[in-house]
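Undergrad: This is the structure, below, for whatever I ask next.
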DNA sequence: AACCAACGGTTCAAAAAATGAACCAAGTAG
DNA sequence: CTACTTGGTTCATTTTTTGAACCGTTGGTT
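Residue numbers (the numbering used here), protein chains in the order written: chain A, 737 to 995; chain B, 737 to 995.
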């Protein structure tokens, strides 16, 4: 592992719950030497990727993160475009809509929209990292990922988040085939009990899934009619988002006009 | 300059105009050895900060940028909060509003909002980098920055973007004192001719300016009444944004009830 | 006050990493 | 066919990183 990777891996210890980390904490978390962490963080700070608090000298993510994101958005405007789409999606379905990106070994939630229709709803946090195998978004992405990538994900130990989480690689492969038949993934209680979730993949210019658009609802509210509404809305929204970021689905992706 | 800084500096060659860069181009731009650039980019790619195109193998910024930004936003929601504030600001003034962040040696525009009121307006691009000395946003930030930082910025060669750009450090220091008296900076044609711009600083928890909120308008439309409207709106918007991101102005910052 | 632990930060010989000139292979324009 | 470009790779040399130990401060306990 090169020095650069080591430095960047330090950034991964930041999370919504842990937005500030001191030098000693970071040393413990990373298992690296304190001097090493110090120097690496100093370099990240010089580049604006982290900044230091004033009172305590804890590190937090710096403004350079926003700069890079703005730059990425200028060429692939997935965030700004998805915001409107999420709004519409949650209005239309009356449930929580969210968009996620697929990473090497996890899925990150990026943005979400709530509907005011119901008092009880599935709540989300942005910038969370979740697993591939236990979420509808993750399965939607996996279903349209490189086979070698699927192998890599399924080869790792798969955590059972709930009693309903699928953890058998072979069972998951069957599930992925099912997803490919409809173009929509569906999970019930596999990440959190009592939450049903549907997702469609978002495709990049290379016809591969780079993320997913999902709607999550309390299982108790998921009638067949509601399911149909959500799936239809998701199909439309997914196609729109894929198109707007300059992507295109693979030729075998089921069209919206399917039964 | 450490390896990490070198790697991260490669990211700075990306811009709105140049969202994809090939290995050879990057080698030329950075002046580093090709093998070095290759290895550094490979590491950045492993960490998800850049990704490679499929056809040509040009590099572009990766999804990790969005992840970091979402994380930063979770603790310091300057982007999401400013979006609404920019909207209101441009509605209220009928002109282009934008928010910028101060960096070590430049100012980056982050987000903007247009008003539909006039057909001619100042147009912007997000994620642009501009200079401190020639923009109202830059001056607003400098006026409330550490003296040592001001010295560093003014010690560099100052480019004259137009015939009206102030480039004399001493003249600029006088200008900064004027800004501190009112709490609002004002430029006329110093970055682009025929553009007048006003800006207020945004403060962090440390009472130092981390960015600025600005309104830019064609100089021809800038009556005294319009100026007053803009300055009042900016004052309110700046205070609101500073407050919403958990910051607070220094004790000597002029209050909104000033004449 | 004295003590102690934990904090951020620093030092320097030892160890590991980055470096860069040269080199492939593949594509392409003349 | 040749000449020149591209992305990618190799390996001896050099440069950087590394980590145990060490400072100076801070904040809590006895």
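Each residue gets a CB set at the ideal place from its N, CA and C atoms; glycine is no exception.
(1) First and last residue of the beta strand (DSSP E) that includes residue 847 (chain A)?
(2) Do the segment 897-915 of chain A and the segment 944-957 of chain A make contact, defined as three or more Cβ pairs closer than 8 Å?
(3) State the DSSP-derived secondary structure class of residue 826 (chain A), mapped to helix, strand or coil.
(4) To the nearest angstrom, report how far apart residue 857 (chain B) and residue 809 (chain B) are at their CA atoms.
(5) Using the Cα positions of residue 770 (chain B) and residue 749 (chain B), report the straight-line distance between them to the nearest angstrom.
(6) Determine the chain B residues that contact residue 718 (chain A) at a beta-carbon separation under 7 Å, and present them in chain order.
(7) Any contact of the segment 828-840 of chain B with the segment 868-888 of chain B, i.e. 3+ C-beta pairs under 8 Å?
(8) Could you work out which residue in B:855, B:854, B:831 and B:842 is closest to residue 848 (chain B) when comparing CA atoms only?
(9) Using a Cβ cut-off of 8 Å, which residues of the segment 875-906 of chain B contact any Cβ in chain A, in chain order?
(10) Going straight from the alpha carbon of residue 995 (chain A) to that of residue 918 (chain A), what length do you get?
(11) Specify, as a first and last residue, the run of the alpha helix (DSSP H) that residue 856 (chain A) falls within.
(12) In its own chain, which residues sit with a C-beta less than 6 Å from the C-beta of residue 968 (chain A), not counting the 5 before and 5 after it?
(13) For residue 794 (chain B), does the three-state DSSP call read helix, strand or coil?
(14) Which residue marks the beginning of the beta strand (DSSP E) containing residue 937 (chain B), and which one marks its end?
(15) What are the residues of the segment 823-849 of chain A that lie near chain B, defined by any Cβ-Cβ distance shorter than 9 Å?
(16) Do you know whose CA, among B:864, B:759 and B:823, lies nearest residue 795 (chain B)'s CA?
(17) Counting only Cβ pairs nearer than 8 Å, list the residues of chain A close to residue 751 (chain B).
(18) Mapping DSSP to helix, strand and coil, what is residue 892 (chain B)?
(19) Assign residue 757 (chain B) to one of three DSSP states: helix, strand, or coil.
(20) In whole angstroms, what separates the C-alpha of residue 860 (chain A) from that of residue 742 (chain A)?
(21) If we ignore side chains and look at the alpha-carbon of each, how far apart do residue 909 (chain B) and residue 844 (chain B) end up?
(22) So that I know if they touch, is there some Cβ in chain A lying closer than 9 Å to that of residue 962 (chain B)?
(23) Around the C-beta of residue 853 (chain A), are 16 or more other C-beta atoms found within 10 angstroms, so that it is buried, or is it exposed?
(24) Taking Cβ to Cβ, would you say residue 804 (chain A) is nearer than 9 Å to residue 804 (chain B)?
(25) Mark residue 911 (chain B) as exposed unless 16 or more other C-beta atoms lie within 10 angstroms of its C-beta, in which case mark it buried.
(26) DSSP state of residue 906 (chain A), grouped into three classes?
(27) Kindly indicate which residue of A:939, A:739, A:960 and A:987 has the alpha-carbon position closest to the one of residue 974 (chain A).
(28) Hey, residue 834 (chain A) and residue 946 (chain A): beta-carbon distance below 9 Å or not?
(29) Is the Cβ of residue 740 (chain B) closer than 9 Å to any Cβ of chain A?
(30) Evaluate residue 800 (chain A) with the Cβ neighbour count: other Cβ atoms within 10 Å of its Cβ, from every protein chain shown; 16 or more gives buried, anything less gives exposed.
(31) Return no unless some Cβ of chain B is closer than 9 Å to the Cβ of residue 792 (chain A).
(32) Among the candidates A:740, A:797 and A:768, whose CA atom is the shortest distance from the CA of residue 782 (chain B)?
(33) Give the residues of chain B in contact with residue 811 (chain A), contact being defined as C-beta atoms less than 9 Å apart.
(34) Can you find a C-beta in chain A that's less than 9 Å from the C-beta of residue 988 (chain B)?
(35) If you reduce the DSSP assignment to three classes, tell me which class residue 834 (chain A) lands in.
TA: Once the coordinates are examined:
(1) In the DSSP assignment, residue 847 (chain A) falls within the beta strand (DSSP E) that extends over 843-849.
(2) no
(3) If DSSP states are grouped into helix, strand and coil, residue 826 (chain A) belongs with the helices.
(4) 29 Å
(5) Distance between the alpha carbons of residue 770 (chain B) and residue 749 (chain B): 15 Å.
(6) Missing from the structure shown is residue 718 (chain A); chain A here goes from 737 to 995 and no further.
(7) The answer is yes - the segment 868-888 of chain B touches the segment 828-840 of chain B, with three or more Cβ pairs under 8 Å.
(8) B:831
(9) none
(10) Residue confidence for residue 995 (chain A) is low, a pLDDT of 41 falling below 50, so the modelled location carries little weight and cannot support an answer.
(11) Taken as a continuous stretch (DSSP letters only), residue 856 (chain A) belongs to no alpha helix (DSSP H), as it is neither H nor E.
(12) none
(13) coil
(14) 931-939
(15) 837, 838, 839, 840, 844, 845, 846 and 847
(16) B:759
(17) 807
(18) coil
(19) strand
(20) Their backbone Cα atoms lie some 30 Å apart in a straight line.
(21) 22 Å
(22) no
(23) exposed
(24) In this structure, residue 804 (chain A) lies near residue 804 (chain B), with their beta-carbon atoms less than 9 Å apart.
(25) buried
(26) helix
(27) A:939
(28) It is not a contact, given that the beta carbons lie outside the stated cut-off.
(29) Among the CB atoms of chain A, one or more fall inside 9 Å of the CB of residue 740 (chain B).
(30) buried
(31) Proximity of residue 792 (chain A) to chain B, defined by a Cβ-Cβ separation below 9 Å, is not satisfied.
(32) A:740
(33) 750, 752, 755, 756, 796 and 797
(34) no
(35) strand
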